[in-house]
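Peer 1: Residue numbers (the working numbering): 4 to 195.
By construction, the Cβ of each residue, glycine as well, lies at the ideal position given by its N, Cα and C atoms.
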């Protein structure tokens, strides 16, 4: 969970590199949705894993398709007995993309978010699992907060209780040049 300019991308890269260094047997997939092209290039150059990306200059349908293809590929690898880690940046932008790409259902939540637009991102996160006598799928996703968008707040609130852990970044901490800029008080796991 991160506001703008709190070091979210750096932490994602650090997590990705830690996974490939400490668990080289894991298949790492970094999924970037509606991202700046230079961020995509930087991630491709700095991470030893598969990077699936759709840049902000593409239509929302490209963002949703990239995410769907990535999660389906991850599921097939798990079926083959592999341990897969998917890093998604971000569930907020994926929710926005589905909101813009989906036909309107007629039921609009505050912030202009269609009520049906959040089901596909929930399915994405719901794909995480550990298969008996098989592989596993771990999904680590970012969520954007304090963007000034009511829609982003609605998306965050919808997904807030779905994760097993939450790591909250704080821009004030990052402005003091402390990295990672983790606010430990609101951070924790479901079993805390």
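Please go through the same chain and pick out, in chain order, the residues whose beta-carbon is closer than 8 angstroms to the beta-carbon of residue 67, but skip the five residues on each side of it.
Peer 2: 97, 100, 101, 104 and 123.
Peer 1: One question on the structure: do residue 144 and residue 91 come within less than 7 angstroms of each other, judged by their Cβ atoms?
Peer 2: Taking 7 angstroms as the Cβ cut-off, residue 144 and residue 91 qualify as a contacting pair.
Peer 1: Taking just the CA atoms, how far does residue 190 sit from residue 179?
Peer 2: If you take the alpha carbons of residue 179 and residue 190, they lie about 19 angstroms apart.
Peer 1: By the three-class DSSP mapping on this structure, what secondary structure does residue 177 have?
Peer 2: Correct three-state label for residue 177: helix.
Peer 1: For residue 55, which three-state DSSP category applies?
Peer 2: Strand at residue 55.
Peer 1: What's the C-alpha gap between residue 1 and residue 175?
Peer 2: The chain is shown only over 4 to 195; residue 1 falls outside these bounds and no answer can be derived.
Peer 1: Pick out the complete alpha helix (DSSP H) segments inside the stretch 5-59, 4 residues or longer, and give them in chain order.
Peer 2: Counting whole runs of 4 or more residues, the stretch 5-59 contains the alpha helix (DSSP H) stretches 11-25 and 40-49.
Peer 1: With a threshold of 16 other CB atoms inside 10 Å of the CB of residue 161, please say whether the residue is buried or exposed.
Peer 2: Flag for residue 161 reads buried.
Peer 1: Which partner residues of residue 132 appear in the DSSP bridge assignment?
Peer 2: Partner(s): 140.
Peer 1: Using CA coordinates, which residue listed in 186, 129, 138 and 21 is at the minimum distance from residue 51?
Peer 2: Nearest of 186, 129, 138 and 21 to residue 51, Cα basis: 21.
Peer 1: Would you list the one or two residues that DSSP bridges to residue 77?
Peer 2: Partner(s): none; residue 77 has no beta bridge.
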